[in-house]
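Scroll down for the structure; my scribbles are underneath it.
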Amino acid sequence: IFAILPFYSRDVEDSIRLGGWGRWYGRLMALIILLSSLAFGKDVLFASREYRLVASAQGDTEEINRTIETLLCIISYTMVVLSSVQNASRHFRALRDVAKIDEFLLANGFRENYSCRHLAILVTSGAAGVLAVAFYYIHYRSGIGLKRQIILLVIYFLQLLYSTLLALYLRTLMMNLAQRIVFLNQKLDTFNLHMDNWRELSNLIEVLCKFRYITENINCVAGVSLLFYFGFSFYTVTNQSYLAFATLTAGSLRSKEEVADTIGLSCIWVLAETITMTVICSACDCLASEVNGTAQILARIYGKSRQFQNLIDKFLTKSIKQDLQFTAYGFFSIDNSTLFKIFSAVTTYLVILIQF
């Protein structure tokens, strides 16, 4: 519905296909989001004083930070939509390839199922909390006019909506792929090294190669969306953390209620972005680890028997030369260490800002 994934249908042979109306629906949604983003961005940029969230602002720096954050918010969700619509065919091919491989896996005893329902409740609750606090703060505490209140809330709503949908989609897809690769790796690990098993080993390697290709394709498809989302999240976490500190230090100039409200908005936003980034990073790390673990298992088989060396050589050559890594369009890798790097950088910037 929100154009993260293309609409597809089933044909008479019960295979899925991407129809023309699905493409045009995605393009229409992208056009609507793009035009609205241009209108919102122009208003935020040239009427920034009208979007002052704090009536007793701390100065021009806070206003500039808020403006940049709002513009990054607009750019982030817009690029998620544009990138998803642009790569609709590649999204579809990845899903179709997984569906085809599942026929082989089911025939070999695969019965795993993944659900992120509880995680979805957590992520959605965090996003809803940010929107609720922002509504209270914008509507009851700021001096923003009604028209611009609606614009600002729509901007925040779209950003939270698309970041949540993107995180849950990638989480579901990657963890499903990880389950399938774990199943194949387990079969490889218990592989019986007999002369008549070369065909089984060949089939397993072929399926694992396909999964590696699908994983690389997903990385390429989601790279742009992840780049702009993480860029926005990094700036937001830094800015909101600094605003919380600035609010505490300015407590003597404000009422206690206003200080609590400001800190609450900053803290819940940082918490929501941290949860969303954790969901994405952990899924990327899990899938990449399983894909790269295949080479280690095959290397053990390679060392035990010369009969299968020619069969394994091609896969190992590619795997050893280049470990799979999820990246934000090649700018930086995304795994469990990414959060540590982000918060290390945020801490460094906060120290510089506070000292300055």
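Counting in the working numbering, the sequence shown runs from 82 upward without gaps. For glycine and all other residues, C-beta sits at the position ideal for the given N, C-alpha and C.
According to DSSP, is R381 helix, strand or coil? helix
Alpha-carbon to alpha-carbon, A169 and E339: Only weak support is given to the placement of E339: the predicted model assigns it a pLDDT of 49, under 50, and the value that follows is read from those uncertain coordinates. Computed Cα separation, rounded: 46 Å.
Less than 8 Å between the C-beta atoms of L239 and Y158, yes or no? Cβ distance < 8 Å, so L239 and Y158 count as in contact.
May I have a chain-ordered list of the alpha helix (DSSP H) segments no shorter than 4 residues that lie completely inside the region 269-295? none
Below 8 Å on the Cβ atoms is my contact criterion, and I expect I344 with T328 to pass it. Report the Cβ-Cβ distance as a whole number of Å. 6 Å
What residue range does the alpha helix (DSSP H) around T205 cover? That run of the alpha helix (DSSP H) goes 198-217.
Going by C-alpha to C-alpha distance, which of T355, L269, I232, R192 sits closest to S117? I232
Would you kindly check if the distance between the Cβ of I295 and the Cβ of A175 is under 8 Å? It is a contact, given that the beta carbons lie within the stated cut-off.
Beta-carbon contacts of V432 that lie in its chain and below 8 Å, excluding the five residues immediately before and after: Closer than 8 Å at the Cβ level, and outside the excluded window around V432, lies no residue.
Simplified DSSP assignment, three categories, for R192: coil
Quick one: Cα of E371 to Cα of I361, how far? 16 Å
My output table needs one value for V340: the three-state DSSP class, helix, strand or coil. Low confidence applies here, because V340 scores a pLDDT of 49, under 50, leaving its location unreliable; read the following figure in that light. The answer is helix: DSSP assigns V340 an H, G or I state.
Exposure label - L346; buried when at least 16 CB within 10 Å: buried
Applying the 10 Å Cβ sphere with the 16-neighbour rule, what's the burial state of S165? buried
Given 8 Å, three or more beta-carbon pairs between the region 102-111 and the region 186-194: no
Anticipated Cβ contact below 8 Å, I85 with Y250, distance rounded: I85 to Y250, Cβ: 6 Å. Contact.
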